[in-house]
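Here's the structure, in structure tokens; my notes come after.
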Amino acid sequence: MKETIIEKVKDLFEDSRIEAFLGLKEENGQIGPYLFTDPKDLEGFSLGDKEWPGDKRYPLSKILIALAQKYPENRFGILVRGCDERALNELFKWNQLNEEHVVMVGFPCPQELAEACECPKPYPESLVVGEKVKGIKSKKVEVILNMGMEGRLKYWTERFSRCIKCYGCRNVCPVCFCNECELANDDLIPSGEIPPENPIFHLVRAAHMAGRCIDCGLCEEACPVGIPLRTLYKKVADIVDSEFGYRPGYQKDQKSPFNILGERPED
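One point on numbering: in the numbering used here, the residue at position 164 of the sequence shown is 196, and numbering is uninterrupted.
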């Protein structure tokens, strides 16, 4: 699979379709994001599966935003799984990236990773190699709903109380792109308190994820205290889907209901 992707990227360079390719590279036994500007460097290219499938995942789309802002005329290739593609689709809709300057090189997650993530679509439409594996329906939301009102309140109060306000969930999120973050607003969420006021911090973030969360699970992986954030955002996504018939990132040409509410009034 890796060799096929390398050949695809080499072709993109040769055909002058891209000036650089954002992917992963292994150096000195470590895997991390790398901007390939020369096809010769692709020898160290990695899919991020070192010890087990998906153990080295990064929000490459977030890195791409920074690159595109610095080099707006350049065309970039980018390595994508299914969730990465969904993130990019949302970023195109919110005008954070120019779709004409981005070439997605997609590969599927293996079935064991799809099951571990409970991912409903563990493959991108931009597949260049591999097969579409079966999606998995998550039962996490159903489990919590079955706890009843008091049980749910106790469950979330205990988990939110672990928060050390590290902002890891926000910083790693591929669709968090606000220049001014409400989570850093002292009037809304006072600074200097750990844990932050319960449950305001996490409910504000959950509200901001409505219509944006692409269910990648990076927030939950980044959380050092094990708060099940993905489950919370799954419920938010279910509400948005029920009310508006919208699942972020799945339909490339379908606008987010939160993206068509009108222009922000001038002060």
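We put the beta carbon where it would ideally sit given N, CA and C, even for glycine.
Quiz item: Taking buried to mean at least 16 other C-beta atoms within 10 Å of its own C-beta, is Lys34 buried or exposed?
Solution: exposed
Quiz item: Is Gly326 buried or exposed, if buried means 16 or more other CB atoms sit within 10 Å of its CB?
Solution: Nothing can be reported for residue 326: it is not among the residues displayed for the chain, which extend from 33 to 299.
Quiz prompt | Beta-carbon spacing of Lys72, Gly80 below 7 Å | solution = no
Quiz item: Around the Cβ of Gly109, are there at least 16 other Cβ atoms within 10 angstroms (buried) or fewer (exposed)?
Solution: buried
Quiz item: Taking the C-alpha atoms as reference points, what is the distance between Glu182 and Ile271?
Solution: 21 Å
Quiz item: Smallest Cα separation from Cys255: which of Trp126, Leu220, Phe192?
Solution: Phe192
Practice problem: Determine the direct distance from the alpha carbon of Ile246 to that of Val207, and round the result to whole angstroms. | Solution: 8 Å
Quiz item: Is the beta carbon of Pro323 less than 7 Å from the beta carbon of Gly167?
Solution: No answer is possible for residue 323: the residues shown for the chain start at 33 and end at 299.
Practice problem: Would you check if the segment 186-200 and the segment 58-78 touch, i.e. whether three or more CB-CB distances between them fall below 8 Å? | Solution: no
Quiz item: Roughly how many angstroms lie between the CA atoms of Phe45 and Pro142, to the nearest whole one?
Solution: 28 Å
Exercise. With a cut-off of 8 Å on the beta carbons, I'd call Ile37 and Phe139 a contact; round off their distance for me.
Key: 6 Å
Quiz prompt | Cβ-based burial, Met179 [other Cβ within 10 Å; buried from 16] | solution = exposed
Quiz item: Which partner residues does Lys57 have in the DSSP bridge list?
Solution: Gly64, Phe77
Self-check item: Met181 (DSSP reduced to helix, strand or coil)
Solution: helix
Quiz item: For Glu253, which residues of its own chain have a beta-carbon under 6 Å away from its beta-carbon, when the five flanking residues on both sides are left out?
Solution: none
Quiz item: What whole-angstrom Cβ distance do Tyr278 and Gly243 have, given they're in contact under 8 Å?
Solution: 7 Å
Quiz item: Going by other Cβ atoms of all chains shown within 10 Å of its Cβ, with 16 needed for buried, is Asn127 buried or exposed?
Solution: exposed
Exercise. For Cys110, name the three-state secondary structure that DSSP assigns.
Key: This sequence places Ile at residue 110; Cys is not what is there. In the structure shown, Ile110 sits in a strand (DSSP, three-state: E or B).
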